[in-house]
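Just so we're on the same page, the working numbering is the position in the sequence shown counted from 1, plus 3. For each residue, glycine too, the CB sits at the ideal point set by N, CA and C. Bear in mind that the values here come from a model prediction, so they are computed numbers and not experimental data. One structure is given here, and the rest of the page talks about it.
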Amino acid sequence: MNGILTITEPNGRRWEFGVESGRTYTIGRAKENDVVLNDRRVSRKHAFISSQPDGFRLVDGAEENGEIVRSVNHVFVNGKPLHEKLLEDGDIITIGESRIEFALVRSSGAIPEPQAVEQIHAQEPVVESPGPSISSVQYEDTPLGHTQVKMSASEIIGRQSHLVLDPAEASADEVKDLRRKAKLLEIMFEMSKSLGTVFDLETIFERATDLIFRGTPADRVIALLADETVDGKILSYSLYQIAAKTRDERFAQLSEKMSVSRTITQKVMDERVAILSQDAKTDEQFQGAESIVSQGIRSTICAPLVTESNVHGVIYADRLDPFAAFTQDHLELISAIAAQAAVTVETIKGHKRLAREEVARANYSRFMPEYVVQQMLEHPNSFRLGGSNQTVTVLFADIRGFTSLSEHSDPEKVVALLNHYFSAMTEIIFAHGGTLDKYIGDGLMALFGAPTSTPTDAVNALKAAVAMQKRIVKLNEELRAEGFPAVSAGIGLHTGVATVGYIGSDKRSEYTAIGDTVNLAARLESSAAGGQILFSEATHNASNNIFPVEPLEPLTVKNRTQPVALFDLKWKQN
4 MNGILTITEP NGRRWEFGVE SGRTYTIGRA KENDVVLNDR RVSRKHAFIS
54 SQPDGFRLVD GAEENGEIVR SVNHVFVNGK PLHEKLLEDG DIITIGESRI
104 EFALVRSSGA IPEPQAVEQI HAQEPVVESP GPSISSVQYE DTPLGHTQVK
154 MSASEIIGRQ SHLVLDPAEA SADEVKDLRR KAKLLEIMFE MSKSLGTVFD
204 LETIFERATD LIFRGTPADR VIALLADETV DGKILSYSLY QIAAKTRDER
254 FAQLSEKMSV SRTITQKVMD ERVAILSQDA KTDEQFQGAE SIVSQGIRST
304 ICAPLVTESN VHGVIYADRL DPFAAFTQDH LELISAIAAQ AAVTVETIKG
354 HKRLAREEVA RANYSRFMPE YVVQQMLEHP NSFRLGGSNQ TVTVLFADIR
404 GFTSLSEHSD PEKVVALLNH YFSAMTEIIF AHGGTLDKYI GDGLMALFGA
454 PTSTPTDAVN ALKAAVAMQK RIVKLNEELR AEGFPAVSAG IGLHTGVATV
504 GYIGSDKRSE YTAIGDTVNL AARLESSAAG GQILFSEATH NASNNIFPVE
554 PLEPLTVKNR TQPVALFDLK WKQN
């Protein structure tokens, strides 16, 4: 059993490669592969095809040290991303921007050697512009050209919906219009197929620019996206380059000197209309292309990437020939491509935004109440998460006698006890508006007043401490029923200024608080007996003395010149 791969590369080269039983064939960009693809989106070693008893199996990735390392841009078979696939006759494989059609050969005849089949593109090749990088697009603020044609997205849709149904009765102009619309529909169909197989902004616009070159005489096409804030709002005039191509090397070299009209891009985004601007002069003094570029003589189309909810950027195309200009047909085509690309841009951005929110929710929900997490996602700029000094009430709680308990108990039972205890305590902290800072062995640390502070932080912290002690009483009944010994916890609290924020390294950081306030709260907890809640005078004053307390002897603390006034909260009376 043999097979034939018919390969079409992005530059239009089409060729065949034969595969036979008993062999494995590697596919990639590197020259040492059996099938070498001239495609920059293909990995050096992207995939391989191995002969199996039941046929040929395509595998995404390369084998290294006995393991399969998957490719970055994946492998698609019949439009679906797959890690492995037993190939069937007629399967279409997409690797990068290359298309491979698999055909099964059941006869025992010789299979073809690699050979060219045809060169698809007769027009001049499209090459990447070696000009400005994505973040360095150049702008000019010159006025608009002499002649302007505007067209909104709704006008584009309206024009395409008006078709002549009976070509036999149509006039020459109507037939021409039908042909124009058929060409547009063909290009838009190809665009929709591209959008259905990729989920990457750069790839989307690379394909969009290629289609614009096919359907218009543009010499240069640039796609510009608007900067987006964390909450999804668009900064209208801050654009960055996502894709740029020129028709041939001559224009690629000249494009280094070319800029984009800020006047046009701003007008397009403000008014949500596509603009065709003509500024072509036929004076004989403009003989060469360099003179044309230096004088800014060109015909320009700029179309908005607009959806119902937002303008995501523009597609900007221009012609460098002073004796030729874009037509309204070209304006329609570029506007239609831009409209379709805009929907995909919004979908991709929305998907990424939701993914970020989901990750953030999963991370924050572990140590913050749900309502605080929701506030952070809806109003991220209202939180200073980089680190700030703020007044907080810090709570420490620790199980008494846990070391002895763990030494004489089964490890699995100890872990189960801790999980039961921490689940109950964390639920109480969240219910009182606290933030779980961390678990420390058999203890925990919680913050009240971070990331947002309220006048009732100290009250909430003391209420949480009371609820925790009362919950331990009931928890012991549950633990005894499950064969665990009873536990008790000492709790300490202090109110003061601490540095709160993300602290750590680039590799790992955590949201926490540091400073003397935290240290003192930890010292109070270590002085508390099982079932006791000790707190400082600062917390007592911040809670407006609303709890029944018993003053204790001041506590001498290391690095403090004066003893700390101490209170014991009589939680059983509360």
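Practice item. Could you tell me the boundaries of the beta strand (DSSP E) in which residue 315 lies? Key: For this step, residue 315 is matched to residue 312 along the sequence shown. Segment 314-322, the beta strand (DSSP E) holding residue 315.
Point to revise | Between the CA atoms of residue 408 and residue 420 - distance to the nearest angstrom | key: Locating residue 420 in the sequence shown gives position 417, where the first residue counts as 1. Locating residue 408 in the sequence shown gives position 405, where the first residue counts as 1. Their Cα atoms are separated by approximately 11 Å.
Check your understanding: Hey, is the segment 486-500 in contact with the segment 522-534, meaning 3+ C-beta pairs nearer than 8 Å?
Key -> Taking 8 Å as the limit for Cβ pairs, the verdict is that the segment 522-534 does touch the segment 486-500.
Review point. Helix, strand or coil for residue 272 per DSSP?
Key: As a working note, residue 272 is residue 269 in the sequence shown. In the structure shown, the three-state DSSP call for residue 272 is helix.
Review point. Per DSSP, which one or two residues make a beta bridge with residue 448?
Key: Your numbering for residue 448 matches position 445 in the sequence shown. According to DSSP, residue pairing for residue 448 in a beta bridge involves 399 and 441.
Review point. Does the Cβ of residue 307 have 16 or more other Cβ atoms within 10 Å, making it buried, or fewer, making it exposed?
Key: What you label residue 307 is simply residue 304 of the sequence shown in a count that begins at 1. Answer is buried; the Cβ neighbour count reaches 16.
Point to revise | In chain order, each alpha helix (DSSP H) run of at least 4 residues that lies wholly inside the segment 498-551 | key: For the segment 498-551, whole alpha helix (DSSP H) runs of length 4 or above, ordered along the chain, are 519-530 and 540-545.
Review point. Which first and last residues belong to the beta strand (DSSP E) in which residue 29 is found?
Key: Stepping through the sequence shown from its first residue, residue 29 is reached at position 26. Under the DSSP assignment, residue 29 falls in the beta strand (DSSP E) whose first and last residues are 27-31.
Exercise for review: Could you tell me whether the Cβ atoms of residue 554 and residue 570 are closer together than 8 Å?
Suggested key: The sequence position of residue 554 within the sequence shown is 551, counting from 1. The sequence position of residue 570 within the sequence shown is 567, counting from 1. Yes, these two residues count as a Cβ contact at 8 Å.
Review point. Who are the near neighbours of residue 136 in its chain, counting only those whose CB is closer than 8 Å to its CB and skipping five residues on each side?
Key: For the purposes of this step, residue 136 is identified with residue 133 of the sequence shown, where counting begins at 1. Its pLDDT being 37, under 50, residue 136 is placed unreliably in this model, and the coordinates cannot settle the point.
Practice item. Could you give the DSSP three-state label for residue 92: helix, strand or coil? Key: As a first step, residue 92 must be located in the sequence shown, where it is residue number 89. When DSSP states are grouped into helix, strand and coil, residue 92 belongs to the coil group.
Check your understanding: What are the partner residues of residue 39, as DSSP defines its beta bridges?
Key -> On the sequence shown, position 36 is the one that residue 39 refers to. Paired residues: 31.
Check your understanding: Of all Cβ atoms in chain C, is any one closer than 8 Å to the Cβ of residue 398?
Key -> This model lacks chain C altogether; it includes just one protein chain.
Review point. If residue 229 sits next to residue 108, beta carbons under 8 Å apart, how far is it from one beta carbon to the other, in whole angstroms?
Key: For the purposes of this step, residue 229 is identified with residue 226 of the sequence shown, where counting begins at 1. For the purposes of this step, residue 108 is identified with residue 105 of the sequence shown, where counting begins at 1. Beta-carbon to beta-carbon, residue 229 and residue 108 are separated by about 51 Å, too far to satisfy the 8 Å threshold.
**Study point:** Option in 475, 218, 519 and 78 with minimal Cα separation from residue 427
**Key:** The sequence position of residue 427 within the sequence shown is 424, counting from 1. In this structure, 475 is the residue among 475, 218, 519 and 78 with its C-alpha nearest to the C-alpha of residue 427.
Check your understanding: Skipping 5 residues on each side, what residues in its chain have a beta carbon closer than 6 Å to that of residue 392?
Key -> In the sequence shown, residue 392 corresponds to position 389, counting from 1. These residues qualify, in order along the chain: 500 and 502.
Exercise for review: Give the single residue among 55, 49 and 53 whose Cα lies nearest to the Cα of residue 624.
Suggested key: The question about residue 624 has no answer, for the chain in this structure spans 4 to 577.
Check your understanding: Nearest to residue 4 by CA position, among 19, 13, 23 and 12, is which residue?
Key -> As a first step, residue 4 must be located in the sequence shown, where it is residue number 1. For the residues 19, 13, 23 and 12, the minimum Cα distance to residue 4 belongs to 23.
Practice item. For the alpha helix (DSSP H) holding residue 464, just list the boundary residues, first then last. Key: Position 461 of the sequence shown, counting from 1, holds the residue named residue 464. Judged by DSSP secondary structure, residue 464 falls within the alpha helix (DSSP H) whose first and last residues are 460-484.
**Study point:** Straight-line gap, residue 332 to residue 47 (C-alpha atoms, nearest Å)
**Key:** For the purposes of this step, residue 332 is taken as residue 329 along the sequence shown, with counting starting at 1. For the purposes of this step, residue 47 is taken as residue 44 along the sequence shown, with counting starting at 1. Cα to Cα, residue 332 sits roughly 41 Å from residue 47.
Review point. Where does the unbroken alpha helix (DSSP H) through residue 612 begin, and where does it stop?
Key: Nothing in the structure corresponds to residue 612, since the chain is present only between 4 and 577.
Review point. Which class does residue 565 belong to by DSSP, given the choice of helix, strand or coil?
Key: Locating residue 565 in the sequence shown gives position 562, counting from the first residue. Three-state DSSP puts residue 565 in coil, outside helix and strand.
Exercise for review: Report buried or exposed for residue 72, applying the criterion of at least 16 other Cβ atoms within 10 angstroms of its Cβ.
Suggested key: On the sequence shown, residue 72 is found 69 positions in, with the first residue counted as 1. Exposed, because fewer than 16 other Cβ atoms sit within 10 Å of the Cβ of residue 72.
Review point. So, are the CB atoms of residue 218 and residue 106 less than 8 Å apart?
Key: Translated into positions along the sequence shown, residue 218 becomes position 215. Translated into positions along the sequence shown, residue 106 becomes position 103. Going by C-beta atoms, residue 218 is not nearer than 8 Å to residue 106.
Check your understanding: Opposite residue 243 in the DSSP bridges: which residues?
Key -> For the purposes of this step, residue 243 is taken as residue 240 along the sequence shown, with counting starting at 1. According to DSSP, residue 243 bridges with 228.
Practice item. Output yes or no for whether 8 Å exceeds the beta carbon distance between residue 216 and residue 279. Key: Counting from one through the sequence shown, the residue named residue 216 turns up at place 213. Counting from one through the sequence shown, the residue named residue 279 turns up at place 276. No, these two residues do not count as a Cβ contact at 8 Å.
Practice item. Could you spell out the range, first to last residue, of the alpha helix (DSSP H) harbouring residue 217? Key: Looking up residue 217 in the sequence shown gives position 214. Counting along the chain, the unbroken alpha helix (DSSP H) around residue 217 starts and ends at 204-218.
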